[in-house]
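Using my numbering, the first residue of the sequence shown is number 1, and each one after it goes up by one.
Glycine residues also receive a C-beta, built at the ideal position from the N, C-alpha and C atoms.
The next block holds one structure in the form of structure tokens; read it before the comments.
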Amino acid sequence: MYQKPKNIFGQLEIFEKQIARLEDKILELDSRINKLLDIERNHLIRIKNKEEISDDFIKNARTYMDLNPDKAWKLYRNPDFDFILIDVTSKEYDAKNRIPEAVHIPWEDFAERFIEIASFITPLLIISEDGTNSVLACEFMVKRGYYNCNNISGGYKYWKGFRLQEAKNESA
């Protein structure tokens, strides 16, 4: 309920409070606009680099891509695709079932160690045991300005490289 101030100083105090609220709203809107601009810039970079991105990805301003196991395997095997592979499997996960050249940062330590990933530009392929922790890592990285994250759906559970190796071993 609005109360009319008794003097000019009371009126000035009311105006100052209203101006402060408006300034806070403007800062909030500015922050939201900058985040959306960062997402759109990321989309433009992906398009410029001829990445296959879905209409849904652009339309819904998605911040990271989910790669199916086949798509992830093709990118991994492409000598012309520059990327950083990050393994966020837990510390207890069997080390022999990991991709050796991946940067291993266990999910338990990720919040403290993610700064080891210095490039905000190089695409990040992120894998975990079953894809759960890699989704969390993608969301975590996006909140910190890494907009070129790619979750490997299904994680090691469906990693084509291991499945091909198993088939090769069975036929030998």
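Can you list, in chain order, the residues of its chain with a C-beta nearer than 8 angstroms to that of I47? Leave out the 5 residues immediately preceding and following it.
I53
Would you call the region 117-132 and the region 82-90 in contact, with 3 or more CB pairs under 8 angstroms?
yes
The region 126-145 in contact with the region 93-110 per 3-pair CB rule at 8 angstroms
Remark: three or more beta-carbon pairs, one from each stretch, lie closer than 8 angstroms, so the region 126-145 and the region 93-110 are flagged as touching.
Buried or exposed: which applies to L12, given that a residue is buried once 16 or more other Cβ atoms fall within 10 Å of its Cβ?
exposed
Do the CB positions of N42 and N148 come within less than 9 angstroms of each other?
Closer than 9 angstroms, so yes.
What runs of the alpha helix (DSSP H), each 4 residues or longer, lie entirely inside the region 78-157?
With a minimum length of 4 residues, the unbroken runs of alpha helix (DSSP H) contained wholly in the region 78-157 fall at 110-113, 132-143.
Using CA coordinates, which residue listed in Q18, E92, F114, I26 is at the minimum distance from V142?
F114
Measuring straight from C-alpha to C-alpha, what distance separates D24 and F15?
Distance between the alpha carbons of D24 and F15 is about 14 angstroms.
When you compare only the Cα positions, how much space is there between G155 and K17?
Computed Cα separation, rounded: 52 angstroms.
With respect to the alpha helix (DSSP H) encompassing A20, which residues constitute its N-terminal and C-terminal limits?
8-48
From R62 to R144, what distance separates their C-alpha atoms?
15 angstroms
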